[in-house]
Amino acid sequence: MNSQQRTETRRHFVNTLAGAAALWPAQAAEVDPWARVPSILARIQAPVFPKRDFDITAYGAKGDGATTCTEAFRRAIAACHGAGGGRVIVPGGIFLTGAIHLLSRVNLHVTAGAVVRFSRDPKAYLPLVYTRWEGVECMNYSPLLYAWKQQDIAITGAGTLDGQADCEHWWPWKGRTDCGWKKGEPNQSKARDRMIAMGENNTPVAERLFGEGALLRPQFIQPYQCRNVLIEGVRIRNSPMWEINPVLCTNVTIRGVQVSSHGPNNDGCDPESCSDVLIQDCEFDTGDDCIALKSGRNGDGRRVAVPVRDVIIRGCVMKDGHGGVTIGSEISGGARNIFAEDCRMDSPNLDRVLRIKTNAVRGGIVENVAIRNIQAGQIAGAAIDIDFHYEEGANGAFKPVVRDIEVSGIVCKQSKYALYLRAFPEAPIRGVRLKNCVFEKVKQANVVENVEGLELAGVTINGKPAQG
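My numbering applies: residue 57 is where the sequence shown begins, and numbers increase by one.
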């Protein structure tokens, strides 16, 4: 029996146990979802690079804050790749650039005191590249830092990556009057609708052309169909849109990264349709979800049909954001085996601890989610929020499946709700278990609609035992 067969056999065994637990709830406690974690961690290994350095200043870069260094980055990365790999060094200084495309065996190392400042000119992100935008594959502006089908790549160091987005550059394309856009000005909405329609109509991706005039903002960091990815230590500021967005990648480590960006759709870290992902010791202070796990939107997500799975989140700090750990809403490919532990969340502008958002247009199966040992201070909305009524709600043919959600050891000092769980009568949420959780200063009663198998053990709300 080879290693893949052994893995599939173990997975079948674990799934059989999970199925048995669903049939016999009295035995559910015997199935520990965290037993999956060691085997996942064993597969996640950060890439190692040859001890060769390629300083970008040797290829024409100047850290004077005025010289455009796009070609210097390209030449240094090409030289490093051609030599068999190593580090491309960004020394101290301010380096202006357009899109940077990584190649296999290259570690872009941004040293302390270095700032990579990305151009505000949209033409600096042409030609178009194959990307995924809000869960739909298309041809659009290159992400600021991009890699396509590469292996063993990294972005490391204690320096800063500055996207230079603000309410005069990039963010007004969203069409929000509170961030630079004025009524009557163009925005992304028409192109976004056209892109979603192309996904539903199975238009070939090569024909889904956007870019100039479409106003679909590029992501900051997007490795696409890559293996063995490391993003470590860097500080990320002011992204046009999503910050760290690996898509269809395997073996991803995101460690010690600090994200601060408060523009529209400024999610901190969005692994899409990825497997074997570790997000550890990061800090998120964002204008949208801190971490959002995704797997494609609607028909296009079902066409690609790759879930986000085997994800471990640990030791992170979440400040502002719509959700600390979020699954969805672009979740049509599904999500399974998601674990979060030992995180701190606290902000009047952080809406939720755990959020699962979907609807009957997205569909998707979300299963085997476990979070534990979360210290939450002030939360604006619900501590635990699972909502099938997001956006289109019940108006679709693809009823979501959410099952086997375990929450333990949560301490939340203040929130509007402890639980906000809303599903459909014909598609209930199944198997939500809370153990040893404390919710203080909760303003409103739980909202629980169409939930089967809700179990509360050792849970208190405002000092009183909670009933399942």
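Beta carbons are placed, not taken as given, at the ideal position from N, Cα and C, and that holds for glycine.
The C-alpha of SER331 is placed about 19 Å away from the C-alpha of VAL458.
When secondary structure is reduced to three states using DSSP, CYS194 falls in the strand class. If you draw a straight line from the Cα of ALA91 to the Cα of ILE368, it is about 13 Å long.
Listed in chain order, the non-local C-beta contacts of VAL373 below 6 Å within the same chain comprise GLU339, ARG400, local neighbours out to five positions each way being set aside. Here GLN206 really is in contact with LEU158; their C-beta atoms are around 6 Å apart, less than 8 Å. Taking ASN518 as reference, the option from ALA474, VAL192, GLY487, ASN492 with the minimal CA-CA separation is ALA474. It is roughly 48 Å from the alpha-carbon of PRO103 to the alpha-carbon of GLN500.
GLY433 sits close to ASP402, with the two beta carbons spaced by under 7 Å. With respect to the 7 Å criterion, VAL364 and ARG188 are not classified as neighbours on the basis of their beta carbons. For LYS469, the enclosing beta strand (DSSP E) begins and ends at 457-470.
CA-to-CA, the gap between HIS137 and ARG161 works out to about 6 Å.
THR382 is bridged by DSSP to ALA348, ARG411. Per DSSP, the continuous beta strand (DSSP E) segment holding SER331 begins and ends at 331-336. Inside the segment 133-172, DSSP marks whole beta strand (DSSP E) runs of 3 or more residues at positions 142-146, 149-153, 162-166, from first to last along the chain. Under the DSSP assignment, PRO279 falls in the beta strand (DSSP E) whose first and last residues are 277-280. With a 10 Å radius around the Cβ and a threshold of 16 neighbouring Cβ atoms, ASN258 comes out exposed.
Two segments are said to touch when three or more pairs of C-beta atoms, one from each, lie closer than 8 Å; by this definition the segment 249-258 does not touch the segment 273-286. In this structure the segment 279-296 lies against the segment 308-317, because at least three pairs of beta carbons, one per stretch, are closer than 8 Å. Closest in alpha carbon position to GLU447, among GLY384, LEU334, ALA438, is GLY384. Within the model, the alpha-carbon separation for GLU328 versus GLY343 is close to 19 Å. Between GLU224 and GLY215, the C-beta spacing is not below 7 Å.
DSSP places ASN354 in the helix class (H, G or I) of the three-state scheme.
By the neighbour-count criterion, in which a residue is buried when 16 or more other Cβ atoms sit within 10 angstroms of its Cβ, PRO481 is exposed.
If you draw a straight line from the Cα of GLY231 to the Cα of VAL144, it comes to about 38 Å. THR382 and GLY116 have their C-alpha atoms spaced approximately 42 Å apart.
In this structure, SER471 lies near ILE435, with their beta-carbon atoms less than 7 Å apart.
For GLY219, same chain residues with a beta-carbon under 7 Å away, outside a window of 5 residues either side, are PHE174, LEU200, PHE276, ARG293, ASN294, SER295, PRO296 in chain order. Under the three-state reduction of DSSP, VAL488 is assigned to strand. Contact check for VAL93 against PHE454 fails: the beta carbons are separated by 7 Å or more.
Look at SER316 here: in three-state DSSP terms it is strand.
In this structure, DSSP gives TYR446 a state outside helix and strand, which the three-state scheme calls coil. Note on SER95: under 16 other CB atoms within 10 angstroms of its CB, so exposed under the neighbour-count rule. DSSP places ARG99 in the uninterrupted alpha helix (DSSP H) bounded by 93-99. Looking at the DSSP output, MET374 bridges to PHE340, MET401. For PRO147, same chain residues with a beta-carbon under 7 Å away, outside a window of 5 residues either side, are ASP111, THR113, GLY119, THR167, ALA170 in chain order. CYS125 and THR212 have their C-alpha atoms some 19 Å from each other.
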